[in-house]
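Asks: Structure provided below as structure tokens; questions to follow.
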Amino acid sequence: GWNTMLIVPPAVREDLENYSEIKKIKEQNSEGFWLGTFPDWVRKVKPELGARLATSEEELTALRELVRFEGLAPNLGNISSRDVLLYQAFVLDRENGNNNRNAIFQENRERIEILENIRPELWTRRLERLGNRLCNFGVATQLISAPPPPPYQNRPTILIVDESQDFLLAQLKALIAVREAWENQRPSTSLWLLGDLNQRIQPVDFDWGQLHLGRRIELKYNYRNSRHILKFANQFLEFANNARHGCRHFPEPSDPEYAVEEGEQVRLLEYPSSELALEFLDSFDSRVNPSGEGQGERYFLQQSANQVKVLWTNPDGKQRRLEILNAEKAKGREFDACVAFRIFENNGTSQLEESFQWYTLLTRPRSRLLVVATTEEIERIGRRYFECCQTIDAIDAEQAANWITEFASGVDVSLLKDNPQETQEKLMKGCDNGHPYLDTYFVLNLAKVESESLYEWEQEAIKRLQKHYNDLPKELENDTDCTNSLKEELKNVPSENISLRCLLLRAMNCSWQAVEEASGFQHSNEKEYKRLVESIAKDLEHKKLFYEAARVREKIGEPIPKHFPLSDKIANRSGSLVSLLCQAMLDRPFPDALDK
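Numbering (my numbering), first residue to last: 14 to 609.
See below:
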């Protein structure tokens, strides 16, 4: 067998870590399979160097300080992570070769020439002051000059780098140098670089020819996108080729003829203004169930299923249930259906970068793509690029939304099982606002949260629910100004939702009412009945109410322990414990001495 090291972008790593197949591989071969980002990999193979690798935020802070120090701010304006990459790729990397044919360099030439005023030694010192840090270029240089020993000595190793088109040339050279060093120390080592230069969304500095690769493989068939989606997306690479500045041609994109599925026609929803387009987007957030009661928000599964993937270059920051992805978050990932929302608006980005972003975003969906654009955007790009789309009238917007949500409606139950902790945390949010999801226990069951783990979750849920509970005096219970939110919530939970009703009653310290509620399961679901009764008993024990806990357990056939004083007097008897104990004391015979 092989040892495998898979280097991917952060968002892809998060997705892969949730796949049940990846978890099984890790369980079966924990030593022989590794997954992480490039910084993770550096920390794995050379920990002392990885500890010095600056974060993106630290690199950005250092560059901003130097721009101010050198008085370059008026010429550069806002400094972003793009400038950090440009500085490392074209200023620090002196061995980059002839950039006259490099389209990225030519596109950003003016900015790079200003950044050249920042001397590399100042950059190095500034990072050292942040905690002896090294930038990505500096770490790559050290890996090239002093490669680490191979982490695996027993078997061959394969290094797989995904989305390598967005790596610095120095980083890829470092990976090549490490592979060669490991190969020379006997274990066979292979390096696979996976990437598409047409999906480059970072201003980095190489083409495949500069890497002097042993073998290049170009994939003919496209298994991700349908023919219709490819035909639409490929058009926008025309803008990149028009912005080449006389440099090398970019690779040909995947031919729609070799898409494995015909798919459905891309649909276009055009709005006269951005405000109306936003109203359509917000309609996804306010969708209710067919009854119109708005109960959809009360069901975890329904809410999870409605998380439509929206591709949006510059989101407005408003909190929505939608999963909104820019090009960086979307790259390397794929979805059944997506909404491309206002991705053609003019945001000041260069034509070359825009083109790559459009192509990257538009090739995320496998089957269905809905493009939402304003008239201004379409006129800016040119209507001919949208002629292959099926145009939807604004009056049919709801139908278009349904078309997308049909493919976004399924919930991957395996994700619930594979991530029980995450599922529990998400369910807890309902308790935080005093309105637990009505399908809470159904979801916990799907996620295989059982036994002690389930009781621990309930304890935390009760703690959070109690923040919404006011133990009102009897004379105020009917006062409308003194509403008890948990009692109101209990009225909204259907009678057949026994476990959730019990949870609310336990949060209100109504243990015996909870026992009575649980009895609804006595004949239909004995296992859950016993679990609920045992949980209520444990609640009481935590409050030091041991007699009450013992009396509750009687309901499931457990006798009161003999060592409890007066246990025989209260066994199998209902009513107030205090009254029962007082009666037991009164029924006891007086000592003989008192009879004399």
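By construction, the Cβ of each residue, glycine as well, lies at the ideal position given by its N, Cα and C atoms. Computed from a predicted model, the values in this text were never measured in an experiment.
1) Which of helix, strand or coil does DSSP assign to Glu284?
2) Do you know how far the Cα of Cys595 is from the Cα of Lys568?
3) In terms of DSSP beta bridges, what is Cys351 paired with?
4) With a Cβ-Cβ cutoff of 8 Å, do Arg124 and Leu89 count as a contact?
5) Can the beta-carbon of Leu545 be found less than 8 Å from the beta-carbon of Phe534?
6) Between the alpha carbons of Val506 and Tyr450, how many angstroms are there, rounded?
7) Quick one: residues in its chain with C-beta nearer than 7 Å to the C-beta of Asn145, no 5 flanking neighbours on either side, listed in chain order?
8) Check this for me: beta carbons of Gln526 and Leu518, under 8 Å apart or not?
9) By a C-beta neighbour count over all protein chains shown, 10 Å radius and 16 as the cutoff for buried, is Gln315 buried or exposed?
10) So does the segment 235-250 actually touch the segment 269-276, counting three or more Cβ pairs closer than 8 Å?
11) Kindly give me the distance between the Cβ atoms of Thr154 and Ala190, rounded to whole angstroms, as I take these residues to be in contact under 8 Å.
12) Would you call the CB atoms of Lys344 and Glu502 closer than 8 Å?
13) Return the first residue and the last residue of the beta strand (DSSP E) that Trp47 is part of.
14) My assumption, with CB atoms under 8 Å, is that Asp552 sits in contact with Ser33. Please give the rounded CB distance.
15) In its own chain, which residues sit with a C-beta less than 8 Å from the C-beta of Arg477, not counting the 5 before and 5 after it?
16) From Leu172, Arg138, Lys37, pick the residue whose C-alpha is nearest to that of Val21; which is it?
17) Could you pull out every residue in the same chain whose Cβ sits closer than 8 Å to the Cβ of Arg139, ignoring the five residues on either side in sequence?
18) In chain order, what residues of the same chain lie with their CB nearer than 6 Å to the CB of Leu19, ignoring the 5 residues before and after it?
19) With DSSP collapsed to three states, give me the class of Cys495.
20) Which class does Thr326 belong to by DSSP, given the choice of helix, strand or coil?
21) Over what stretch of residues does the beta strand (DSSP E) that includes Thr6 continue unbroken?
22) Give the range of the beta strand (DSSP E) segment to which Thr404 is assigned.
23) Taking three-plus beta-carbon pairs below 8 Å as touching, is the segment 220-235 in contact with the segment 354-372?
24) Looking at the unbroken beta strand (DSSP E) that takes in Leu558, where does it start and where does it end?
25) Whether or not the segment 337-356 and the segment 375-383 are in contact is what I'm after, with contact meaning three or more pairs of Cβ atoms, one per stretch, closer than 8 Å; do they touch?
26) State the DSSP-derived secondary structure class of Thr453, mapped to helix, strand or coil.
27) For Thr376, does the three-state DSSP call read helix, strand or coil?
28) As a quick exercise: from Gly45, Lys186, Pro216, pick the residue whose alpha carbon is nearest that of Ala102.
29) Comparing alpha-carbon positions, which option in Leu282, Leu143, Ala340 lies nearest Val25?
30) Going by beta carbon distance, what residues of the same chain come within less than 6 Å of Glu30, once the five residues before and after it are set aside?
31) Can you tell me whether Phe196 is helix, strand or coil according to DSSP?
32) To the nearest angstrom, report how far apart Val279 and Tyr165 are at their CA atoms.
33) If I measure Cβ to Cβ from Phe240 and keep anything under 8 Å in the same chain, skipping five residues before and after, which residues do I get?
34) For a quick check, are the C-beta atoms of Glu72 and Ile131 less than 8 Å apart?
35) Give a yes or no on contact between the segment 244-262 and the segment 190-206, applying the rule of three or more CB pairs nearer than 8 Å.
36) Under 7 Å Cβ to Cβ from Ser94, same chain only, skipping five residues before and after it: list those, please.
Replies: On the basis of the data shown:
1) Start at 1 with the first residue of the sequence shown, and residue 284 comes out as number 271. Per the sequence shown, residue 284 should be read as Tyr rather than Glu. DSSP places Tyr284 in strand when its eight states are reduced to three.
2) Looking up residue 568 in the sequence shown gives position 555. Looking up residue 595 in the sequence shown gives position 582. Their backbone Cα atoms lie some 23 Å apart in a straight line.
3) The count along the sequence shown starts at 1 and reaches residue 351 at position 338. In DSSP, Cys351 forms a bridge with Leu382.
4) Residue mapping note: residue 124 aligns to position 111 of the sequence shown, counting from 1. Residue mapping note: residue 89 aligns to position 76 of the sequence shown, counting from 1. Contact flag set, yes.
5) On the sequence shown, position 532 is the one that residue 545 refers to. On the sequence shown, position 521 is the one that residue 534 refers to. Yes; because the gap between Cβ atoms is below 8 Å, this pair is in contact.
6) The residue labelled residue 506 in the question sits at position 493 within the sequence shown. The residue labelled residue 450 in the question sits at position 437 within the sequence shown. So the alpha carbons of these two residues sit roughly 10 Å apart.
7) By one-based count along the sequence shown, residue 145 stands at place 132. For Asn145, where only same-chain residues beyond five positions count, the Cβ hits under 7 Å are Arg65.
8) On the sequence shown, residue 526 is found 513 positions in, with the first residue counted as 1. On the sequence shown, residue 518 is found 505 positions in, with the first residue counted as 1. Yes, the pair counts as a contact, with Cβ atoms nearer than the cut-off.
9) Taking the first residue of the sequence shown as 1, we reach residue 315 at position 302. Under this definition Gln315 is a buried residue.
10) yes
11) Translated into the one-based positions of the sequence shown, residue 154 becomes position 141. Translated into the one-based positions of the sequence shown, residue 190 becomes position 177. Their Cβ separation, rounded to whole angstroms, is 10 Å, which puts Thr154 and Ala190 out of contact at 8 Å.
12) The residue labelled residue 344 in the question sits at position 331 within the sequence shown. The residue labelled residue 502 in the question sits at position 489 within the sequence shown. Not in contact: Lys344 and Glu502 (Cβ atoms no closer than 8 Å).
13) Numbered from its first residue, the sequence shown carries residue 47 at position 34. That run of the beta strand (DSSP E) goes 46-49.
14) Along the sequence shown, read from residue 1 onward, the residue named residue 552 stands at position 539. Along the sequence shown, read from residue 1 onward, the residue named residue 33 stands at position 20. Contact flag wrong, Cβ pair sits at about 35 Å.
15) Working through the sequence shown from its first residue, we reach residue 477 at position 464. Same-chain partners within the cutoff: Met441, Cys444, Asp445.
16) In the sequence shown, counting from the first residue as 1, residue 21 sits at position 8. Check the Cα spacing between Val21 and each of Leu172, Arg138, Lys37: the tightest is with Leu172.
17) Residue 139 sits at position 126 when you count from the first residue of the sequence shown. Ala75, Glu78, Leu79, listed in sequence order.
18) As a first step, residue 19 is located in the sequence shown; it is residue number 6 there, counting from the start. So the qualifying residues of the chain are Leu48, Ile173.
19) Residue numbering aside, residue 495 sits at position 482 when the sequence shown is read from its first letter. Legend: pLDDT at Cys495 = 39, less than 50; position of this residue unreliable, no value from coordinates given.
20) One-based indexing of the sequence shown puts residue 326 at position 313. Coil, per DSSP.
21) Outside the shown range of the chain (14 to 609) lies residue 6, about which nothing can therefore be said.
22) The residue labelled residue 404 in the question sits at position 391 within the sequence shown. Thr404 -> beta strand (DSSP E) spans 403-405.
23) no
24) Walking along the sequence shown from the start, residue 558 turns up at place 545. Where Leu558 is concerned, there is no enclosing beta strand (DSSP E), given that its DSSP letter is neither H nor E.
25) yes
26) Indexing the sequence shown from 1 puts residue 453 at position 440. Of the three classes helix, strand and coil, the one that applies to Thr453 here is helix, per DSSP.
27) Here the question's residue 376 lines up with position 363 in the sequence shown. Residue state, collapsed to three classes: coil.
28) Sequence index remark: in the sequence shown, residue 102 carries index 89 (1-based). Cα-wise, what sits closest to Ala102 is Pro216.
29) Position 12 of the sequence shown, counted from the start, is the residue given in the question as residue 25. Ranking Leu282, Leu143, Ala340 by Cα distance to Val25 puts Ala340 first.
30) Here residue 30 is taken as the residue at index 17 of the sequence shown, counted from 1. The beta carbon of Glu30 sits closer than 6 Å to none of the beta carbons in its chain outside the five residues before and after it.
31) Walking along the sequence shown from the start, residue 196 turns up at place 183. Contrary to the premise, residue 196 reads as Glu rather than Phe in this sequence. Helix, per DSSP.
32) Walking along the sequence shown from the start, residue 279 turns up at place 266. Walking along the sequence shown from the start, residue 165 turns up at place 152. Each residue's Cα considered, the two are about 48 Å apart.
33) Stepping through the sequence shown from its first residue, residue 240 is reached at position 227. Phe is not the amino acid found at residue 240; the sequence shown has Arg there. Around Arg240: Pro269, Glu270, Ala272, Glu274, Glu275, Gly276.
34) Translated into positions along the sequence shown, residue 72 becomes position 59. Translated into positions along the sequence shown, residue 131 becomes position 118. Not a contact, by the Cβ cut-off of 8 Å.
35) No: fewer than three Cβ pairs fall under 8 Å.
36) Within the sequence shown, the letter at position 81 stands for residue 94. Counting only Cβ-Cβ distances below 7 Å, and skipping sequence neighbours, we find Ser69, Leu73.
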